[in-house]
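Working notes, beginning with the structure itself.
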Amino acid sequence: MVVLTKADLCEDPAALAERARGLHPGLVVEVMDARRAEQAEVLRSWCGPGQSVALLGSSGVGKSTLAGVLGAGDLATGGIREKDGKGKHTTTSRSLHLLPTGGVLVDNPGVREFQLGDCDEGVADLFEDVLRIVAECRFSDCRHEGEPGCAVRAAMESGELDERRYASFVKLNEEQARNARTLAARRERERKVGKSYKAAVERKRRRG
Ligand SMILES: Nc1nc2c(ncn2[C@@H]2O[C@H](COP(=O)(O)OP(=O)(O)O)[C@@H](O)[C@H]2O)c(=O)[nH]1
Ligand SMILES: [Mg+2]
Ligand SMILES: [Zn+2]
């Protein structure tokens, strides 16, 4: 779900909401002034018993403000630096809150701290439409960079595939692949450390 905050500072929030809806079929997009409880009301149906909500977004976009309005209690909210309009990092760690509506909310620092890990399936799920097109390329190792019979190029030209959506797909795949390698390497290291630790304990035990 995408929440566009600071609607009060925008000339035409509805147009931006339409653009955001174009990112993914069925994507829910809400527009609001995050400081106003009555506007955040539409979010309450996501915050009931058994539901978990995590707020993700750049620093300064209004996550902690939203959390507060949804009943997460007093949270530090930050001003915007005059100089560059960027948010200050007021929330430096994750925090978990029980909401009066029965759900659980996680407020996060900016998105820079976020990394994907082990989410092949999630990416495949979210970009099923793109994967279906990719599968139609003539060459199975098509790089979609102008090869003959490339279904991706064709779909972009016909307007079936949004260029920005395809770019997101490529970016997420690259990040996922990179992090999968890092994760695999870390697990291998941990496995080795675990093994040598066990061996040391065993030696010690034998020696009595
Ligand atoms: N005008 C306006 N200001 C907002 C809105 N949402 C948040 N703010 C302000 O933006 C600043 C940063 O908000 P904060 O919740 O700390 O952002 P966070 O870093 O994403 O948690 C604060 O001064 C908020 O009062 C909004 O919808 N409209
Ligand atoms: Mg915050
Ligand atoms: Zn291709």
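Just so you know, my numbering puts 104 at position 116 of the sequence shown, and the rest follows in order with no gaps.
Using N, Cα and C, we set each Cβ at its ideal position, and we do this for glycine too.
Alpha-carbon to alpha-carbon, residue j and residue i
i: Leu54; j: Asp(-4); result: 15 Å
i: Cys130; j: Glu163; result: 20 Å
i: Arg20; j: Val92; result: First, the residue type needs correcting, since residue 20 is Met and not Arg in the sequence shown. In a straight line, the C-alpha of Met20 is about 21 Å away from that of Val92.
i: His77; j: Glu6; result: With a pLDDT of only 48 at His77, under the threshold of 50, the placement of this residue in the model should not be trusted, and no figure is reported.
i: Tyr185; j: Arg177; result: 12 Å
i: Glu135; j: Asp108; result: 26 Å
i: Val49; j: Gly10; result: 21 Å
i: Val41; j: Arg195; result: 53 Å
i: Ser156; j: Glu116; result: 13 Å
i: Arg174; j: His85; result: 31 Å
DSSP-derived helix/strand/coil call for residue i
i: Ser47; result: coil
i: Ser184; result: helix
i: Asp0; result: coil
Residue environment, residue i, which counts as buried when at least 16 other CB atoms sit within 10 Å
i: Phe127; result: exposed
i: Ala223; result: Missing from the structure shown is residue 223; the chain here goes from -11 to 196 and no further.
i: Gly14; result: exposed
i: Lys51; result: buried
i: Asp106; result: exposed
i: Ser47; result: buried
Whole-Å CB distance - residue i paired with residue j, under 8 Å assumed
i: Pro88; j: Gly59; result: 4 Å
i: Arg23; j: Val57; result: 7 Å
Which residues neighbour ligand 3 when neighbourhood means a C-beta less than 5 Å away from any of its non-hydrogen atoms? List them by chain order.
The set of residues whose C-beta lies within less than 5 Å of a heavy atom of ligand 3 reads, in chain order, Cys125, Cys130, His132, Cys138 and Val140.
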